[in-house]
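Protein chains: 2
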Amino acid sequence: MARKASLSGFPEWLPQERLVEQHVLDTLRRIFELHGFSSIETRAVETVEHLLRKGEIDKEVYAVSRLQADQASASESGLALHYDLTVPFARYVVENAGHLEFPFRRYQIQKCWRGERPQEGRAREFTQADIDVVGDGSLPFRFDIELALVIVEALGALPIPEFTLRVNNRKLAEGFYRGIGITDTAGVLRSIDKLEKIGAAKVGELLRSELGATEVQIAAALGLAGIRSGDTSFVAQVRALGVQHPLLEEGLDELAAVIAETSRRAPGRVVADLSIARGLDYYTGTVYETVLNGHESLGSICSGGRYDALASKGTRTFPGVGLSIGVTRIVSRILSQGFASVSRTVPTAVLVTLAEDGAWSGAQDVAAALRARGISAEVAVEAEKFGKQIRFADKRGIPFVWFTGADGEHEVKDIRSGSQQPADPLTWAPPAEDVRPLVTRSA
Amino acid sequence: MARKASLSGFPEWLPQERLVEQHVLDTLRRIFELHGFSSIETRAVETVEHLLRKGEIDKEVYAVSRLQADQASASESGLALHYDLTVPFARYVVENAGHLEFPFRRYQIQKCWRGERPQEGRAREFTQADIDVVGDGSLPFRFDIELALVIVEALGALPIPEFTLRVNNRKLAEGFYRGIGITDTAGVLRSIDKLEKIGAAKVGELLRSELGATEVQIAAALGLAGIRSGDTSFVAQVRALGVQHPLLEEGLDELAAVIAETSRRAPGRVVADLSIARGLDYYTGTVYETVLNGHESLGSICSGGRYDALASKGTRTFPGVGLSIGVTRIVSRILSQGFASVSRTVPTAVLVTLAEDGAWSGAQDVAAALRARGISAEVAVEAEKFGKQIRFADKRGIPFVWFTGADGEHEVKDIRSGSQQPADPLTWAPPAEDVRPLVTRSA
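Keeping their order, the protein sequence lines are chains A and B.
Taking this note's numbering as reference, the numbering of the first sequence is continuous, increasing by one, and the terminal residue is 443.
Taking this note's numbering as reference, the numbering of the second sequence is continuous, increasing by one, and the terminal residue is 886.
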């Protein structure tokens with residue numbers, strides 16, 4: 001686990017580490033499909049133009065160009081690797097709208113690339129697992145609640161510590177700022193976004209110097225950002241600040257609806273946190289981020305929100321809501337902190353040994369009989385001494401070895417206990433927990 | 444299926460097409476794991492230097508560079524997207540040798556990129572599924588047989604027509620050419636590789652003009668390339684050409700061993716085809732390629748071979764043998780030819796309807812009870828008329844709709860048959876074939 005990537009920011013896992021990643025991916029897929037999300041993938045490249053129209057991360061994009069093309073063609077070819085899965089998904093929806101049923105619910109699990117300075121929890125190549133629901137023209141607010149519930153279920157099934165899904169609402173924040181007379185609400189959000197990093201005093205200074213906010217406005221903004229609650233009591237706390245604006249009321253209603261339902265169905269997992277801003281400016285309502293309790297410095301492991309105008313085709317718009325799980329960030333932390341245990345490092349359950357070199361084909365028959373019933377088996381490479389073949393299985397982490405005598409009698413030995421029993425390749429099976437490598441939460 | 448990719452050479456599937464691709468990927472993974480192959484992934488980028496050291500495809504590589512870096516940095520940064528999974532795997536083995544058990548058997552399923560002119564069966568972004576076994580210092584020849592058998596089993600489990608795995612041996616070819624006095628064996632192989640495309644006469648001309656081969660040599664080379672057999676009778680046919688060389692004998696023995704065992708275990712699937720050359724020059728023994736019978740123009744759907752010197756670390760070498768399945772090529776053909784049928788287009792088995800808007804939370808309880816038993820369920824978006832909710836399920840391809848009466852009584856309706864029955868969310872289950880979308884070979 002202490003290995004360094006040979007290229008900084010591009011992590012590669014050993015086979016036993018990859019088992020943990022596969023467990024995470026399989027779990028997410030299972031939960032997403034149980035909730036009716038369809039899988040799609042989009043190409044790894046987008047036009048630079050499409051990528052830069054959204055968000056503010058042009059510095060971090062990797063351009064792609066034919067190696068043998070002319071110099072300086074990187075900008076001419078105009079292609080770059082996607083940095084998230086939301087922007088490509090928006091394009092996919094617009095291009096395939098005629099072939100999709102709306103509301104369209106999809107999950108998408110793929111690599112993304114950003115040229116950021118690597119550190120733990122921030123790689124240059126990383127896997128995201130996204131769910132979104134997109135409507136045609138409109139999308140009921142209820143999906144803002146449903147997606148939070150799906151994500152809580154999905155994250156809750158992973159071998160990670162307790163987590164907290166923090167929810168806020170852009171309408172609430174924007175209505176509030178307008179209500180106190182600040183018009184550059186994007187500017188306030190950018191400053192408030194830094195609250196956890198730089199603290200209230202410095203955010204206050206930013207609001208003063210960059211936006212010309214008054215002391216009263218600063219106090220109100222920081223007052224709002226200080227509110228958090230695991231139930232709907234935040235509504236009264238906001239009201240106590242005495243600010244009034246129709247958009248604020250709309251946002252309060254929406255956030256209260258999310259918190260009321262999620263706190264009932266997933267107690268302790270979801271809080272209203274009015275400091276959450278989310279950097280990307282395409283969010284228009286609910287915004288989410290998620291921290292691992294006790295690992296807040298890792299950053300958000302799952303973020304997203306409602307976007308009403310990310311995708312459009314002429315006058316037709318496709319509003320959506322979605323969240324994105326940082327799989328690589330989560331898996332890196334699971335591995336570095338030992339949150340998960342793997343029962344063995346290879347898929348193989350049984351090594352079929354060779355009594356003599358000519359027994360290979362018969363040994364393949366035994367292995368084939370086991371595989372036909374879903375039991376992973378491999379045949380020893382050479383007819384070495386049995387002790388050596390058993391040591392090979394042991395080193396690989398294979399729990400069972402199979403022996404076939406000259407008389408055609410079969411026996412199978414559990415290397416861990418040493419117990420050896422007669423066995424029939426057509427009927428014998430290992431205990432359920434030994435059929436495949438199991439990834440479990442460490443005790 | 445007639446949609447065109449918005450970026451030529453970068454195919455994207457609709458959700459129902461993606462189900463076919465997922466079925467292919469899941470099937471390959473299952474078979475590979477049954478045979479004890481561990482999953483790994485490598486980063487998408489390699490150094491240009493590492494990529495170009497192998498093979499001859501520099502023109503087709505996509506370079507990667509930070510968009511905001513200096514001009515002309517594409518070459519400076521020195522990174523490019525991998526064009527296959529073998530070359531990255533060789534690097535991975537060398538870097539992680541101290542953490543791996545040898546012989547190391549791994550599978551790897553990832554996207555690759557090549558800047559080739561797109562056409563059916565040849566995309567610029569495509570998924571490969573590779574299996575390889577690599578030894579430390581040496582690797583028993585037996586793996587050349589075993590890997591052919593794994594691949595035949597894997598391809599045989601896919602919804603595709605009959606296929607033929609064609610096998611040849613580089614030692615056989617090289618020994619033969621040396622035996623007839625041709626020393627530039629790589630040159631002969633390059634010409635012979637074109638046999639299927641340009642025919643024997645033109646290959647003869649190439650051998651004459653480019654290598655200065657005599658008529659006798661040309662006749663012998665074309666004679667060898669014309670030999671194919673589904674059993675070991677090719678050995679006698681080669682011997683009848685009267686050429687002698689120790690390397691030829693070694694190659695004949697190896698190829699005969701592969702054909703003898705595979706023709707016994709997978710009759711009709713494997714042939715010795717002495718015209719197979721494979722372009723990449725790192726192969727040193729057995730070489731494989733695979734065609735779909737009746738779809739030969741699609742090109743090889745699975746290729747590979749034995750390489751004795753692809754990976755090395757000082758004087759330590761890691762010989763290997765492996766094959767690579769062209770997943771995107773296969774899936775494109777399955778989709779364009781309708782080889783597979785999908786039972787439905789979404790994972791959802793049950794739509795839980797809403798009698799009135801306030802029933803949403805209770806409907807989520809029903810859905811949660813179904814999901815807890817592995818049944819994919821979603822809740823209707825709004826309490827529209829039941830007819831409209833049923834039509835929505837029907838359009839999405841969801842087979843069952845669930846009703847909860849004001850009295851708390853539950854009923855479930857199979858939309859296809861129209862039959863409606865009382866049901867308990869804690870015990871009801873759909874027939875096994877309706878639990879998830881099934882992908883089957885079309886009749």
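Note that CB positions come from ideal geometry on N, CA and C, so glycine has one too.
Look at the alpha carbon of residue 414 of chain A and the alpha carbon of residue 8 of chain A, and state the distance between them as a whole number of angstroms. 42 angstroms
Please report the distance separating the alpha-carbon of residue 49 of chain A from that of residue 312 of chain A. 16 angstroms
Straight-line CA distance for residue 152 of chain A to residue 269 of chain A? 7 angstroms
Counting only beta-carbon atoms, is residue 873 of chain B nearer than 9 angstroms to chain A? no
What does a CB cutoff of less than 7 angstroms around residue 149 of chain A pick up in its chain, not counting 5 residues either side in sequence? 262, 265 and 266
7 angstroms Cβ cut-off: residues of chain B touching residue 83 of chain A: Within chain B, no residue comes near residue 83 of chain A; the closest Cβ sits about 10 angstroms away, beyond 7 angstroms.
When you compare only the Cα positions, how much space is there between residue 456 of chain B and residue 41 of chain A? 7 angstroms
Jot down the residue ranges of each uninterrupted alpha helix (DSSP H) in the region 640-724 of chain B, minimum 4 residues, whole runs only, in chain order. 658-668, 677-682 and 689-708
Please confirm if the region 672-684 of chain B is in contact with the region 695-702 of chain B, defined as three or more CB-CB distances below 8 angstroms between the two stretches. yes
Hey, quick one: how far does the alpha helix (DSSP H) through residue 599 of chain B stretch, first residue to last? 585-599
Please report the straight-line C-alpha distance between residue 4 of chain A and residue 310 of chain A, rounded to a whole angstrom. 38 angstroms
Can you have a look at residue 330 of chain A and say buried or exposed, based on whether 16 or more other CB atoms are within 10 angstroms of its CB? buried
For residue 45 of chain A and chain B, any beta-carbon pair shorter than 9 angstroms? yes
What residue range does the alpha helix (DSSP H) around residue 773 of chain B cover? 770-780
Compare the C-alpha of residue 96 of chain A against each of B/460, B/551 and B/471 and name the closest. B/460
Under a three-way DSSP split, which group does residue 109 of chain A fall into? strand
Run the CB neighbour count on residue 554 of chain B, radius 10 Å, all protein chains shown included, and call it buried at 16 or more, exposed below. buried
Residues in the region 87-100 of chain A having any Cβ partner in chain B nearer than 8 angstroms: 91, 92, 95, 96, 99 and 100
As a quick exercise: from A/292, A/22, A/179 and A/411, pick the residue whose alpha carbon is nearest that of residue 243 of chain A. A/179
From the beta carbon of residue 245 of chain A, is the nearest beta carbon of chain B less than 9 angstroms away? no
The beta strand (DSSP E) spanning residue 131 of chain A covers which residue range? 125-134
Drop a sphere of 10 angstroms on the beta-carbon of residue 611 of chain B, count the other beta-carbons inside from all chains shown, and report buried for 16 or more, exposed for fewer. buried
Validate contact between the region 282-294 of chain A and the region 170-179 of chain A using beta carbons, cut 8 angstroms, 3 pairs: yes
Run of the beta strand (DSSP E) containing residue 4 of chain A, from where it starts to where it stops: Per DSSP, residue 4 of chain A belongs to no beta strand (DSSP E) and is neither H nor E.
Name the residues in the region 339-363 of chain A whose C-beta lies less than 8 angstroms from a C-beta of chain B; which are they? 345, 346, 347, 348, 360 and 361
Kindly indicate which residue of A/408, A/399 and A/443 has the alpha-carbon position closest to the one of residue 431 of chain A. A/399
Pick helix, strand or coil for residue 61 of chain A, following the three-state DSSP scheme. coil
Three-pair Cβ contact test at 8 angstroms for the region 595-607 of chain B versus the region 376-392 of chain A: no
Rounded separation between residue 36 of chain A and residue 880 of chain B - CA only: 11 angstroms
In its own chain, which residues sit with a C-beta less than 6 angstroms from the C-beta of residue 121 of chain A, not counting the 5 before and 5 after it? 298, 299 and 329
Starting from the C-beta of residue 76 of chain A, find all residues in its chain whose C-beta is less than 6 angstroms away, skip the five residues before and the five after it, and write them out in chain order. Confidence at residue 76 of chain A is low in this model, with a pLDDT of 49, below 50, so the placement of that residue should be treated as unreliable; the coordinate-derived value is given next. Hits under 6 angstroms: none found.
Is residue 587 of chain B buried or exposed, if buried means 16 or more other CB atoms sit within 10 Å of its CB? buried
According to DSSP, simplified to helix, strand and coil, what is residue 611 of chain B? strand
Where the alpha helix (DSSP H) containing residue 480 of chain B begins and where it ends: First-last for residue 480 of chain B: undefined, no H or E at that position.
Host beta strand (DSSP E) of residue 853 of chain B (start-end): 853-857
For residue 403 of chain A, decide whether its Cβ has a neighbour in chain B, counting only Cβ atoms nearer than 9 angstroms. no
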